[in-house]
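Count the sequence shown with the UniProt record's numbering and you get residues 1 to 692, in order.
Okay, structure first, notes after.
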Amino acid sequence: MSDYLVIVESPAKAKTIERYLGKNYKVRASMGHVRDLPKSQMGVDRDNNYEPKYITIRGKGPVLKELKTAAKKAKKIYLAADPDREGEAIAWHLAHSLNIETSSDCRVVFNEITKDAIKESFKHPRPINMDLVDAQQARRILDRLVGYNISPLLWKKVKKGLSAGRVQSVALRLIIDRENEIKAFIPEEYWTIEAQFIKGTDTFQASFYGMNGKKTKLTSEEDMKNVLSAIQGNDFDITSVTKKERRRNPASPFITSSLQQEAARKLNFRAKKTMMLAQQLYEGIDLGKEGTVGLITYMRTDSTRVSEVAQAESHAYIVSQYGNEYVKELGQKIEAKKPNAQDAHEAIRPTSMLREPSKLKEFLSRDQLRLYKLIWERFVASQMAAAVMDTVSADIVNGDVMFRATGSKVKFQGFMKVYVEGSDDAKEEKENYLPNLEEGDGVKSGEIDPKQHFTQPPPRYTEARLVKTLEELGIGRPSTFAPTLDTIQKRGYVALDNKRFVPTELGGIVHELMVEFFADIIDVEFTVKMERDLDNVEDGVKEWVAVIDEFYKGFEGHLEKAEKEMEQIEIKDEPAGEDCEKCGHEMVFKMGRYGKFMACSNFPECRNTKAIVKEIGVKCPKCLEGNIIERKSKKRRIFYGCDQFPECDFLSWDKPIERPCPKCSKLLVEKKLKKGIQIQCTECDYKEQPQS
1 MSDYLVIVES PAKAKTIERY LGKNYKVRAS MGHVRDLPKS QMGVDRDNNY
51 EPKYITIRGK GPVLKELKTA AKKAKKIYLA ADPDREGEAI AWHLAHSLNI
101 ETSSDCRVVF NEITKDAIKE SFKHPRPINM DLVDAQQARR ILDRLVGYNI
151 SPLLWKKVKK GLSAGRVQSV ALRLIIDREN EIKAFIPEEY WTIEAQFIKG
201 TDTFQASFYG MNGKKTKLTS EEDMKNVLSA IQGNDFDITS VTKKERRRNP
251 ASPFITSSLQ QEAARKLNFR AKKTMMLAQQ LYEGIDLGKE GTVGLITYMR
301 TDSTRVSEVA QAESHAYIVS QYGNEYVKEL GQKIEAKKPN AQDAHEAIRP
351 TSMLREPSKL KEFLSRDQLR LYKLIWERFV ASQMAAAVMD TVSADIVNGD
401 VMFRATGSKV KFQGFMKVYV EGSDDAKEEK ENYLPNLEEG DGVKSGEIDP
451 KQHFTQPPPR YTEARLVKTL EELGIGRPST FAPTLDTIQK RGYVALDNKR
501 FVPTELGGIV HELMVEFFAD IIDVEFTVKM ERDLDNVEDG VKEWVAVIDE
551 FYKGFEGHLE KAEKEMEQIE IKDEPAGEDC EKCGHEMVFK MGRYGKFMAC
601 SNFPECRNTK AIVKEIGVKC PKCLEGNIIE RKSKKRRIFY GCDQFPECDF
651 LSWDKPIERP CPKCSKLLVE KKLKKGIQIQ CTECDYKEQP QS
């Protein structure tokens with residue numbers, strides 16, 4: 001008989017913790033929630049203070065039976081679910097099922113699964129925090145009231161299988177609003193002028209800045225020609241040289257949203273995959289002789305706070321590996337706490353600096369190692385000194401025309417020795433060499449290259465960009481971002497095109513109905529206020545019933561209006577212009593989860609379906625008879641193949657173009673690079689300048 005029973009969420013975590021606690025402790029897993037609202041009904045009594053009706057989750061009966069048996073044999077039971085709102089709610093449900101008094105010291109929380117952290121946490125058990133439970137319960141009930149009222153309405157008026165949750169509806173709105181911005185965008189012409197300059201044996205580049213010392217925009221070819229005609233000869237004077245030292249501070253250690261963003265940028269991970277891998281690293285990895293160890297701290301957090309112990313360990317490591325000058329200076333600027341951050345946990349960091357990624361290769365899968373390396377490097381860099389850059393700016397003048405040359409050089413790498421944060425927008429910072437330039441020097445111009453450009457519309461959302469926007473707006477919580485993005489894709493409201501979200505026709509229909517009948521639900525400010533109210537419940541400032549009641553009184557009126565006035569929307573099948581090769585009936589276009597596809601109109605007697613073929617106007621270079629068409633892999637990635645498949649097996653991940661290579665007459669393709677699209681030959685070394 002064990003003296004103590006500890007209940008955690010996952011078996012992996014249970015195994016690790018039991019080894020740390022010793023033979024007097026038995027650790028069992030609840031496998032997540034054991035109780036929830038029923039799936040088959042609303043489960044919320046709107047006439048009785050929104051009292052929830054909880055039932056044992058289907059399939060969890062045997063788990064609960066085993067836990068109850070173990071509980072009867074234990075002198076003391078500890079509930080050690082994850083240290084967040086949802087974990088607190090899981091502990092509360094377990095307490096109810098196992099007849100544990102919630103006011104007793106039954107709750108244990110820890111931010112990392114290491115021996116010291118676990119043993120320390122068991123010295124400070126506490127009662128279940130009912131404010132945390134109420135905040136989670138309020139969110140669950142709000143989402144149920146929205147989802148279980150609007151979704152059946154959409155099934156009846158549009159089609160089955162649709163849903164309209166609070167956060168997912170706002171995410172869909174952001175994607176559709178961005179698409180409308182792109183469609184309404186009117187490109188504006190502008191010109192740039194780049195020039196080569198020569199000083200002695202050195203050459204360097206500068207860009208046109210302005211006329212008569214004032215910054216001047218070139219909005220037409222005429223503007224550009226006026227500048228060129230104002231240049232007299234090729235003698236220029238250096239009229240001003242500015243030299244500065246610029247400091248660049250490291251990024252803060254990861255929080256949930258920044259981890260998802262950076263993993264998308266640098267590792268090409270979807271948010272769902274990032275969180276799955278982070279969970280594995282947190283719960284524990286078998287490190288051979290060392291046993292199973294949690295490698296990172298808890299991964300659902302909105303705080304950049306770091307414990308003093310972790311700071312001391314990281315500073316000692318940095319000094320030993322790089323030297324004293326690489327340690328973050330005392331008092332160096334630290335990122336301010338975000339207004340809506342709960343700040344319940346530390347930032348995401350390695351549980352030990354000494355577990356370098358290179359030492360864990362044999363124990364981790366490729367993707368686990370890549371994510372761990374990202375977290376480890378980001379944390380190390382966050383504790384390092386600022387980088388120092390020497391920057392130079394020189395004004396180069398001929399008459400009224402001014403060019404400006406800028407250069408930078410890394411004087412001290414600081415944190416950049418370990419890690420540099422990625423970005424969706426900014427270009428990667430590179431050193432740019434300038435020769436020694438002094439005021440009064442004369443230089444000569446070489447090639448002058450004017451180029452026409454057009455302003456670009458705002459970019460579509462990538463997963464990283466959408467997570468960043470949701471976080472900045474204060475919508476959702478760290479744990480909601482990944483499932484929200486997953487849901488709007490599963491429902492067929494959006495599709496990914498070149499890793500960017502594009503709304504589908506179905507997504508547009510649902511959004512229009514939400515705008516017309518439930519404007520509050522998709523209003524950003526309204527959703528942000530709701531998040532603040534939930535935070536106030538957690539802080540004990542507001543009662544959860546009052547928060548829900550305030551919402552539901554207004555929502556109920558919108559619901560009644562929608563029931564009466566929302567018209568039936570029939571998504572009609574469009575004729576595809578060809579007959580089914582299996583039964584001879586007409587083929588039609590249907591709306592599916594990933595957009596339109598072709599199907600036989602004789603369904604269900606005939607179940608023939610086909611993807612919509614998109615020709616790109618290029619003949620197959622292999623068989624010379626077929627046409628190249630755009631196709632999609634099982635993972636929705638676009639590739640290009642011959643329409644004569646399987647007779648011809650030509651395929652390419654890069655888009656072929658119609659004109660042949662001017663050097664060898666073989667196939668040219670569009671290669672996607674970080675800096676744009678480059679046309680290059682598939683056979684020889686011919687390449688064209690990348691186009692942004």
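Idealized CB from N, CA, C, for every residue including glycine.
Since the model is a prediction, treat every value here as computed from it, not as a measurement.
For P503, the enclosing beta strand (DSSP E) begins and ends at 500-503.
With a 10 Å radius around the Cβ and a threshold of 16 neighbouring Cβ atoms, R85 comes out buried.
For the pair D400 and K214, the Cα-to-Cα distance works out to about 10 Å.
Taking the Cα positions, G492 is about 11 Å away from F501.
Under the three-state reduction of DSSP output, Q41 falls in the coil class, being neither helix nor strand. Apart from the 5 residues on each side of it in sequence, V494 sits with its Cβ closer than 8 Å to the Cβ of L172, I175, I488, F501, V502, P503, T504, G507 in its chain, given in chain order.
About 18 Å separates the beta carbons of F197 and K451, which is beyond the 8 Å limit, so they are not a contact pair.
Between the stretch 652-669 and the stretch 621-636 there are three or more C-beta pairs closer than 8 Å, enough to call the two in contact.
Beyond the five residues adjoining it in sequence on each side, I638 comes within less than 7 Å, by CB distance, of E630, K632 in the same chain, given in chain order.
Judged by DSSP secondary structure, R659 falls within the beta strand (DSSP E) whose first and last residues are 655-660. Taking the Cα positions, Y298 is about 42 Å away from E670. I677 and K687 have their C-alpha atoms some 11 Å from each other. By the neighbour-count definition (other C-beta atoms within 10 Å, threshold 16), K655 is a buried residue.
The beta carbon of A381 is closer than 6 Å to those of P250, F415, V418, Y419 in its chain, skipping five residues each way along the sequence. DSSP places H315 in the helix class (H, G or I) of the three-state scheme. Residues F236, D237, T239 of the same chain have their beta carbon placed closer than 7 Å to that of V397, with the five preceding and five following residues left out of the count. Exposure of S229 is indicated by the presence of fewer than 16 other C-beta atoms within 10 angstroms of its C-beta.
With respect to the 8 Å criterion, L281 and Q368 are classified as neighbours on the basis of their beta carbons.
Comparing alpha carbon positions, the residue from G87, T56, A80, K26 closest to T69 is K26. A straight-line Cα-Cα distance of about 31 Å links P62 and G161. Between P660 and I679, the alpha-carbon positions lie close to 11 Å from each other. In the DSSP assignment, N608 falls outside any alpha helix (DSSP H) and carries neither an H nor an E.
From the listed residues D143, R404, F412, the smallest Cα separation to F204 is found for R404. Taken in chain order, the complete alpha helix (DSSP H) segments of 4 or more residues contained in the stretch 518-576 are 524-538, 544-565. Relative to M598, the option among P575, K582, G584, P604 whose CA is nearest is P575. The continuous stretches of beta strand (DSSP E) do not include E329, and DSSP gives it neither H nor E.
Inter-residue distance for P350 and S314 is about 10 Å (C-alpha atoms, whole angstroms). Nearest to M530 by alpha-carbon distance, out of V515, F551, A519, D539, is F551. Under the Cβ criterion (8 Å, minimum of three pairs), the stretch 532-541 counts as touching the stretch 133-141. Residue pairing by DSSP places M402 opposite G210, V397 in a beta bridge.
For I182, same chain residues with a beta-carbon under 6 Å away, outside a window of 5 residues either side, are P457 in chain order.
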